[in-house]
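In our numbering, the protein residues as written are -12 to 405.
Cβ atoms here follow ideal geometry from the backbone N, Cα and C, with glycine treated the same way.
The structure under discussion appears below in the form of structure tokens.
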Ligand code: LLP
């Protein structure tokens, strides 16, 4: 693919240069059609059995995007009280919210219980706490079914090297606690990790999980988690996850389960975050300096690790396109370049020695696939303001969906001077 921006018509009727001029840079830009199409796809991962997709809002919790998930009929999972509050504000009813925390204090669980939101407990200790707060209640338990997957060890969330879930060997201890507090485990959930294009480990985890589920007699829901990957190397024609094949293989496993469970099946659930929003978001940033340092060429932009943490944190690859005077620069006559941000760290790099078309001062860079874990992981490091977020709506026009932070926002938490 030569240009994702052009081939997908990402900016609709708008020009990236006009958006940059109107809202400043760095600016996150989302495409509504792209996000809705991905949300529709996750809602159909299982069609043969009772199923509900849950959007995992840690990937992107912009209120407008949450409302799209609501309209697309998705439920949602939340990791914190903040995420539960946002979902309620977006209009999700409590029965459409699933709280999947780890290591929280009493108040967050209490908030969920007070709002009739189903809670998943990630350890025996947290289950005990739930029992004290809500004796006689219903809950979910997160189980580590032994298989992990993901693009980096930091995001593998099952298997032997992770803090998450109750280990399979401890499952029987769950029942000592549920008996003590008269709690019903109405759901079990797992999450293997994040960003896989080969679904094999996930499907293996599904099989393990269904085997473990036999120990739980009262299940109303079985939640397999998220992690569905997207092609971050799309300009090099990386293939996307084959959803049709995934769907078929997933349902074959469920066929076996259904055959051995005549009667009412539990509601199956998933929890994808990235898949819904990653490809529907880009970041526009301005190039302020192009220079040579010890034989290496650097393009210095305003997209620092405060704006997009993924490359610094996980060495993640994001494709980047160059825009000059509103036109996408063709990918030819490539030269290797480091593209950096404006943060006071040498690790503040969007890419290293990357073959790119010639870049000039004043160009815009457009970082692709930034819709997931982009804004939601951005920070105020170096006392920089968090970016604005703009949506290209289905009619091709643009709409501000979060204003840029101001210095007043940033300083508001300090006590008043006397
Ligand atoms: N459910 C649970 C319990 C999770 O912990 C996560 C992600 C998800 C669902 C959604 O996973 P997804 O479908 O988005 O892969 N910041 C990292 C990703 C961290 C994911 C953490 N948990 C990144 O930028 O790659």
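So, with DSSP's three-state summary, where would you put residue i?
{"i": "residue 196", "result": "helix"}
{"i": "residue 407", "result": "Residue 407 lies beyond the range of the chain shown here (-12 to 405); nothing can be said about it."}
{"i": "residue 181", "result": "coil"}
{"i": "residue 206", "result": "coil"}
{"i": "residue 107", "result": "strand"}
{"i": "residue 327", "result": "strand"}
{"i": "residue 263", "result": "helix"}
{"i": "residue 154", "result": "strand"}
{"i": "residue 276", "result": "strand"}
{"i": "residue 24", "result": "helix"}
{"i": "residue 358", "result": "coil"}
{"i": "residue 166", "result": "helix"}
{"i": "residue 385", "result": "strand"}
{"i": "residue 298", "result": "helix"}
{"i": "residue 29", "result": "helix"}
{"i": "residue 43", "result": "strand"}
{"i": "residue 160", "result": "helix"}
{"i": "residue 341", "result": "strand"}
{"i": "residue 286", "result": "strand"}
{"i": "residue 268", "result": "strand"}
{"i": "residue 254", "result": "strand"}
{"i": "residue 401", "result": "coil"}
{"i": "residue 48", "result": "coil"}
{"i": "residue 236", "result": "helix"}
{"i": "residue 145", "result": "coil"}
Less than 7 Å separating the Cβ of residue i from some heavy atom of the ligand LLP?
{"i": "residue 402", "result": "no"}
{"i": "residue 236", "result": "no"}
{"i": "residue 64", "result": "yes"}
{"i": "residue 188", "result": "no"}
{"i": "residue 343", "result": "no"}
{"i": "residue 365", "result": "no"}
{"i": "residue 258", "result": "yes"}
{"i": "residue 371", "result": "no"}
{"i": "residue 45", "result": "yes"}
{"i": "residue 182", "result": "yes"}
{"i": "residue 443", "result": "In the structure as shown, the chain starts at -12 and stops at 405, and residue 443 therefore has no counterpart that could be examined."}
{"i": "residue 359", "result": "yes"}
{"i": "residue 214", "result": "yes"}
{"i": "residue 87", "result": "yes"}
{"i": "residue 178", "result": "yes"}
{"i": "residue 380", "result": "no"}
{"i": "residue 171", "result": "no"}
{"i": "residue 138", "result": "yes"}
{"i": "residue 318", "result": "no"}
{"i": "residue 143", "result": "no"}
{"i": "residue 261", "result": "yes"}
{"i": "residue 301", "result": "yes"}
In chain order, what residues of the same chain have a beta carbon less than 6 Å from the beta carbon of residue i, not counting five sequence neighbours either side?
{"i": "residue 286", "result": "274, 277, 324, 326, 346"}
{"i": "residue 259", "result": "29, 213, 215"}
{"i": "residue 54", "result": "77"}
{"i": "residue 225", "result": "218"}
Sorted by chain position, which residues of the same chain lie with C-beta nearer than 8 Å to residue i's C-beta, five sequence neighbours on each side aside?
{"i": "residue 11", "result": "375, 391"}
{"i": "residue 137", "result": "143, 144, 179, 180, 181, 182, 183, 214"}
{"i": "residue 37", "result": "252, 253, 254, 255"}
{"i": "residue 34", "result": "234, 238"}
Just to confirm before moving on: does the CB-CB distance between residue i and residue j stay below 8 Å?
{"i": "residue 195", "j": "residue 32", "result": "no"}
{"i": "residue 57", "j": "residue 28", "result": "no"}
{"i": "residue 131", "j": "residue 155", "result": "yes"}
{"i": "residue 8", "j": "residue 360", "result": "no"}
{"i": "residue 50", "j": "residue 73", "result": "yes"}
{"i": "residue 3", "j": "residue 271", "result": "yes"}
{"i": "residue 310", "j": "residue 351", "result": "yes"}
{"i": "residue 129", "j": "residue 97", "result": "no"}
{"i": "residue 84", "j": "residue 52", "result": "no"}
{"i": "residue 44", "j": "residue 377", "result": "no"}
Beta-carbon within less than 7 Å of residue i's beta-carbon, same chain only, minus the 5 sequence neighbours each way: which residues are those?
{"i": "residue 330", "result": "291, 292, 293, 368, 369"}
{"i": "residue 349", "result": "274"}
{"i": "residue -6", "result": "-12"}
{"i": "residue 207", "result": "173, 174, 253, 254"}
{"i": "residue 0", "result": "383, 384"}
Less than 8 Å between CB atoms is the rule here; does residue i satisfy it with respect to chain C?
{"i": "residue 27", "result": "The chain labelled as chain C is not found in the depicted structure, where only one protein chain is given."}
Original post:
For the 8 Å Cβ check, are there 3 or more pairs between the segment 276 to 291 and the segment 51 to 65?
Top reply: The segment 276 to 291 is not in contact with the segment 51 to 65.
Original post:
Would you say the segment 324 to 339 touches the segment 294 to 306, given that touching needs at least three Cβ pairs under 8 Å?
Top reply: Note that the segment 324 to 339 touches the segment 294 to 306; at least 3 beta-carbon pairs, one per stretch, sit closer than 8 Å.
**OP:** Assess, as a yes-or-no matter, whether the segment 345 to 364 is touched by the segment 299 to 310 under the definition of 3 or more beta carbon pairs within less than 8 Å.
**Re:** yes
Original post:
Below 8 Å, can you find three or more Cβ-Cβ pairs linking the segment 227 to 247 to the segment 187 to 202?
Top reply: yes
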